[in-house]
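Asks: The sequence shown begins at 602 in my numbering and counts up by one. Beta carbons are placed, not taken as given, at the ideal position from N, Cα and C, and that holds for glycine. I'd like to ask some things about the structure below.
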Amino acid sequence: MAAALAIGLAWRRRTKWEPSEEDVSKGPQKVGGLLSGVLVVVIWSQFSDPVYLPQATRVALIMAGGCVLFLLLYGFLVATQTFQVVYSPKPNTTATRNVIGGLWLTKEAVTIKRKNKLTTQELLKGAAYDPDKLWSRFSRALAKACFVIFYLGLTVSGSVALACAAIVLDLRTRK
Numbered sequence: 602m603a604a605a606l607a608i609g610l611a612w613r614r615r616t617k618w619e620p621s622e623e624d625v626s627k628g629p630q631k632v633g634g635l636l637s638g639v640l641v642v643v644i645w646s647q648f649s650d651p652v653y654l655p656q657a658t659r660v661a662l663i664m665a666g667g668c669v670l671f672l673l674l675y676g677f678l679v680a681t682q683t684f685q686v687v688y689s690p691k692p693n694t695t696a697t698r699n700v701i702g703g704l705w706l707t708k709e710a711v712t713i714k715r716k717n718k719l720t721t722q723e724l725l726k727g728a729a730y731d732p733d734k735l736w737s738r739f740s741r742a743l744a745k746a747c748f749v750i751f752y753l754g755l756t757v758s759g760s761v762a763l764a765c766a767a768i769v770l771d772l773r774t775r776k
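Laid out in structure tokens, this is it:
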């Protein structure tokens, strides 16, 4: 059941608060589903004997704690590093999408932001929504890597916690 849930989550659509497809591809989602499925099978094969009930319980609790930690870290990144960009998909229409900003602004962007007392979102608007005018490519790439790491940590630790909890429940009902 946990493996099915992990795989189902890997194939779901993006939610509005997540970064756009251009910033972080669906690759991490697929890798997270794959890793979760593999780990669930490995854990099930290793912990399915009642002798391993304490270890399965411990792993479930550690992974659940890790899941909460990764959720907080991922949420922090979404709140602080995701910005809205207005673009024109067709003539005479506008739409918005979320993009990932860099971990630090360029020196020029910092100077303009301080001088004019602007938020980063206002600064991005003033730069015609061009992220390259505010952040270096390296800074944005590092932010994107953090998103991927925290996302994988969140999904994989949650799936492993769920699988271990299912094993614990199964072992308890066998007694």
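How is the beta strand (DSSP E) around A696 delimited, first residue to last?
Replies: Start at 1 with the first residue of the sequence shown, and residue 696 comes out as number 95. That run of the beta strand (DSSP E) goes 696-701.
Asks: Taking A767 as the reference, which of K718, R698, L672, A661 has the closest Cα?
Replies: Position 166 of the sequence shown, counted from the first residue, corresponds to residue 767. Comparing Cα positions, the closest option is A661.
Asks: Tell me the residue span of the alpha helix (DSSP H) that contains V686.
Replies: Working through the sequence shown from its first residue, we reach residue 686 at position 85. Where V686 is concerned, there is no enclosing alpha helix (DSSP H), although the beta strand (DSSP E) it sits in stretches over 683-688.
Asks: Between the alpha carbons of T721 and W736, how many angstroms are there, rounded?
Replies: Position 120 of the sequence shown, counting from 1, holds the residue named residue 721. Position 135 of the sequence shown, counting from 1, holds the residue named residue 736. For T721 and W736, the distance between alpha carbons rounds to 11 Å.
Asks: Where T694 and A680 are concerned, what is the direct C-alpha to C-alpha distance, given to the nearest angstrom?
Replies: Residue numbering aside, residue 694 sits at position 93 when the sequence shown is read from its first letter. Residue numbering aside, residue 680 sits at position 79 when the sequence shown is read from its first letter. Those two C-alpha atoms are separated by around 27 Å.
Asks: What separation, rounded to the nearest whole angstrom, lies between the Cα atoms of L673 and K716?
Replies: Taking the sequence shown and counting its residues from 1, the one referred to as residue 673 is at position 72. Taking the sequence shown and counting its residues from 1, the one referred to as residue 716 is at position 115. Cα-Cα distance, rounded: 32 Å.
Asks: For L654, which residues from the same chain have a beta carbon less than 6 Å from its beta carbon, with the 5 sequence-adjacent residues on both sides left out?
Replies: Sequence index remark: in the sequence shown, residue 654 carries index 53 (1-based). These residues qualify, in order along the chain: L772.
Asks: Kindly indicate the opening and closing residues of the alpha helix (DSSP H) around L770.
Replies: For the purposes of this step, residue 770 is taken as the residue at position 169 of the sequence shown. From DSSP, the alpha helix (DSSP H) with L770 extends over 738-775.
Asks: If we ignore side chains and look at the alpha-carbon of each, how far apart do V652 and E723 end up?
Replies: Walking along the sequence shown from the start, residue 652 turns up at place 51. Walking along the sequence shown from the start, residue 723 turns up at place 122. Those two C-alpha atoms are separated by around 59 Å.
Asks: Does the Cβ of G634 have 16 or more other Cβ atoms within 10 Å, making it buried, or fewer, making it exposed?
Replies: As a first step, residue 634 is located in the sequence shown; it is residue number 33 there, counting from the start. Buried, since its Cβ has 16 or more Cβ neighbours within 10 Å.
Asks: At what residues does the alpha helix (DSSP H) containing K627 begin and finish?
Replies: One-based indexing of the sequence shown puts residue 627 at position 26. Where K627 is concerned, there is no enclosing alpha helix (DSSP H), given that its DSSP letter is neither H nor E.
Asks: Measuring straight from C-alpha to C-alpha, what distance separates T712 and K734?
Replies: Your numbering for residue 712 matches position 111 in the sequence shown. Your numbering for residue 734 matches position 133 in the sequence shown. Each residue's alpha carbon lies about 13 Å from the other.
Asks: Quick check on the DSSP output: the alpha helix (DSSP H) that includes T707 runs from which residue to which?
Replies: Residue 707 sits at position 106 when you count from the first residue of the sequence shown. Where T707 is concerned, there is no enclosing alpha helix (DSSP H), given that its DSSP letter is neither H nor E.
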